[in-house]
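A.B. asks: Numbering (the numbering used here), first residue to last: 58 to 224.
What follows is the structure in structure tokens.
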């Protein structure tokens, strides 16, 4: 299976003497530059006068939405004794796909850890502002996705102490 190469904004795509400008590109000096991130395509010329290929970059189609089993990164927005509310900021274990609009989500008390579920205290596990890596366990209701941090590789990845120092 061959995949198209990806171009990033600012990436040099080649000289303008060897390529025609296409969508998602611009010219800087005599160099063709990618304007947006996406798959790189090169179409052969259909013109008899100009035999140069047209290079273009297209945006990936469709918005990314969290699905069951997706690893997400989110920021805790509110806690109460039964659950922690958060905003999903990025999809992927390393936050590869950032969300243009954050998705509302919650982590219930029983989904915080896998063992000793009855002894979990939400306030001792999360604080407002914590960045959390979690997995989507349910699409939930119309208001929120349901997440879980009940695996070793999941949980708080960035936090601040009561004094404001990064932990």
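C-beta atoms are modelled at their ideal positions from N, C-alpha and C, and glycine is treated no differently.
Quick caveat, the model's predicted, so the values are computed rather than measured.
From which residue to which residue does the beta strand (DSSP E) around residue 236 run?
C.D. replies: Given a span of 58 to 224 for the chain in the structure shown, any question on residue 236 remains unanswerable.
A.B. asks: Using the beta-carbon count (16 or more within 10 Å), is residue 122 buried or exposed?
C.D. replies: In the chain shown, residue 122 corresponds to position 65, counting from 1. The residue in question, residue 122, is exposed, as its Cβ has fewer than 16 Cβ neighbours within 10 Å.
A.B. asks: Which whole runs of the beta strand (DSSP E) in the stretch 65 to 144 are 3 residues long or more, in chain order?
C.D. replies: The qualifying runs are 69 to 72, 82 to 85, 88 to 91, 95 to 100, 111 to 114, 128 to 137.
A.B. asks: With a CB to CB cut of under 7 Å and the five nearest residues on each side skipped, what residues in its chain are close to residue 201?
C.D. replies: Translated into positions along the chain shown, residue 201 becomes position 144. Hits under 7 Å: 161, 162, 163.
A.B. asks: So who's on the other strand from residue 217, going by DSSP bridges?
C.D. replies: Reading the chain shown from its first residue, position 160 is the one you call residue 217. Answer is 223, bridged to residue 217.
A.B. asks: Under 9 Å, do residue 72 and residue 98 count as touching if we go by C-beta distance?
C.D. replies: The residue you call residue 72 lines up with position 15 of the chain shown. The residue you call residue 98 lines up with position 41 of the chain shown. No, Cβ-Cβ distance for residue 72 and residue 98 is not below 9 Å.
A.B. asks: The alpha helix (DSSP H) that contains residue 180, what's its start and end?
C.D. replies: In the chain shown, residue 180 corresponds to position 123, counting from 1. Run containing residue 180: 179 to 182, per the alpha helix (DSSP H) assignment.
A.B. asks: Apply the 10 Å Cβ neighbour rule to residue 262 and answer buried if 16 or more other Cβ atoms are within range, or exposed otherwise.
C.D. replies: This structure leaves residue 262 out entirely; the chain is present only between 58 and 224.
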